[in-house]
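Reminder that position 103 of the sequence shown reads as 593 in this note's numbering, one-by-one numbering, no gaps. Glycine included, each C-beta is placed from N, C-alpha and C at the ideal position. From a predicted model like this one, the values you see are computed outputs, not experimental measurements. Shown next, in structure tokens, is the structure this report addresses.
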Amino acid sequence: MKKKLMGMCVILFLALLSVNKVVAADKVIKIDGSSTVYPVTEAVAEEFQKLKKGSVNVTVGISGTGGGFKKFCRGETDISNASRPILKAEMDLCKEHGIEYIELPVAYDGLAVMVNPKNNWVKSMTVEELKKIWEPAAQGKIKKWNQIRPEWPDAPLNLYGAGVDSGTYDYFTEAIVGKAKSSRGDFTSSEDDNVLVQGIAGDKYALGFFGIAYYEENKDKLKLVAIVNPKTKKEVYPNMKTVMDGDYQPLSRPIFIYVNRKSADKPEVKEFVEFYLKNASKLVKQVKYIPLPDKAYKLALERFEKKKVGTLFGGIAEVGVKIEDLLKREEKDK
Numbered sequence: 491m492k493k494k495l496m497g498m499c500v501i502l503f504l505a506l507l508s509v510n511k512v513v514a515a516d517k518v519i520k521i522d523g524s525s526t527v528y529p530v531t532e533a534v535a536e537e538f539q540k541l542k543k544g545s546v547n548v549t550v551g552i553s554g555t556g557g558g559f560k561k562f563c564r565g566e567t568d569i570s571n572a573s574r575p576i577l578k579a580e581m582d583l584c585k586e587h588g589i590e591y592i593e594l595p596v597a598y599d600g601l602a603v604m605v606n607p608k609n610n611w612v613k614s615m616t617v618e619e620l621k622k623i624w625e626p627a628a629q630g631k632i633k634k635w636n637q638i639r640p641e642w643p644d645a646p647l648n649l650y651g652a653g654v655d656s657g658t659y660d661y662f663t664e665a666i667v668g669k670a671k672s673s674r675g676d677f678t679s680s681e682d683d684n685v686l687v688q689g690i691a692g693d694k695y696a697l698g699f700f701g702i703a704y705y706e707e708n709k710d711k712l713k714l715v716a717i718v719n720p721k722t723k724k725e726v727y728p729n730m731k732t733v734m735d736g737d738y739q740p741l742s743r744p745i746f747i748y749v750n751r752k753s754a755d756k757p758e759v760k761e762f763v764e765f766y767l768k769n770a771s772k773l774v775k776q777v778k779y780i781p782l783p784d785k786a787y788k789l790a791l792e793r794f795e796k797k798k799v800g801t802l803f804g805g806i807a808e809v810g811v812k813i814e815d816l817l818k819r820e821e822k823d824k
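If you want it as structure tokens, here you go:
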């Protein structure tokens with residue numbers, strides 16, 4: 491009898507354990523999108539999951555800003571990481587599928603331009619020089635360093651950059667070439683910035699770009715290039731100060747998360763986003779990004795709590811949006 495009772499208890503325990511697993515599995519927050527925003531969201535997700543002690547599973551993918559919006563606008567994810575504001579075509583796709591979204595800025599970022607540490611000829615570059623390298627007309631023609639400046643070596647110019655589904659690629663091409671998604675195609679591209687780090691670190695004649703946080707994580711393998719500010723004509727390196735005060739132009743930008751309006755009604759998603767905005771300032775610094783002012787996070791939290799849908803941007807790429815500009819838009823939208 492005792493054995494039978496013990497056996498029943500074991501069966502009951504296993505059944506309860508199975509039920510708990512199903513409940514836990516049901517509480518999944520799906521996030522995808524920008525590789526630039528990934529380190530911030532991943533850091534928040536780790537801390538949130540610790541807090542929830544395994545009762546909520548947060549998955550964070552890297553398919554690029556554009557790839558992330560495609561999934562998000564089809565209703566496949568709860569949150570989309572984006573290294574630029576949503577574009578008109580993506581807004582239309584979301585509308586087509588009945589997806590409303592809450593746009594929330596979470597940090598500020600600078601795009602770094604880098605070369606290999608063995609490169610002893612490049613200290614700084616102008617926007618015009620970068621355009622000459624990256625514009626569509628350069629494909630198959632601009633192939634050597636001395637074609638940019640005669641005093642630079644007669645050596646191959648090997649290019650590395652963010653993948654074409656990346657918001658980083660969109661922003662870089664808009665800022666440098668003058669049109670988003672417009673560039674030469676003969677360069678090594680990847681949605682994974684770590685692949686680009688390895689490429690530049692192993693190629694003496696490399697030139698590439700990606701978010702400054704990935705440079706900070708790999709500064710022993712890379713050499714940073716200063717960009718000449720088009721207005722002040724000063725050579726400026728990207729760092730927390732120059733990005734925050736607007737000196738590092740035109741390669742500074744806000745980065746975002748977009749929350750599905752229906753997903754925001756789920757208790758676990760609501761709690762996660764509130765946790766994100768309340769802890770972003772600390773966690774953003776930990777992963778080498780630039781936090782927004784406390785006021786910006788407060789305004790973003792208010793918008794989320796009111797479930798205010800839509801974008802503060804016009805569905806077109808914008809360059810040179812400073813932190814104070816972002817704050818003005820936030821306050822106007824309040």
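- For the pair L802 and D815, the CB atoms are not nearer than the 8 angstroms cut-off.
- Residues V667 of the same chain have their beta carbon placed closer than 6 angstroms to that of E625, with the five preceding and five following residues left out of the count.
- Straight-line spacing of the CA atoms in K797 and R751 works out to 7 angstroms.
- Annotation: N547 to N610 spans about 47 angstroms, alpha carbon to alpha carbon.
- For T549, the three-state secondary structure derived from DSSP is strand.
- Take the alpha-carbon of K694 and the one of D644: they are about 13 angstroms apart.
- Distance between T567 and D522, taken at the CA atoms: about 7 angstroms.
- Residue pairing by DSSP places T678 opposite Y650 in a beta bridge.
- Distances from the alpha-carbon of P720 to those of E618, I592 and Y591 put E618 closest.
- Under the Cβ criterion (8 angstroms, minimum of three pairs), the stretch 696-704 counts as touching the stretch 648-664.
- About 5 angstroms separates the Cβ atoms of V527 and I745, confirming a contact at the 8 angstroms cut-off.
- Collapsing the DSSP output to three states places K671 in coil.
- Out of D710, F562, R819 and R793, the CA that lies nearest to the CA of M604 is found in D710.
- From the listed residues A572, E664, S545 and G565, the smallest Cα separation to P529 is found for A572.
- DSSP, read as helix, strand or coil, puts D599 in strand.
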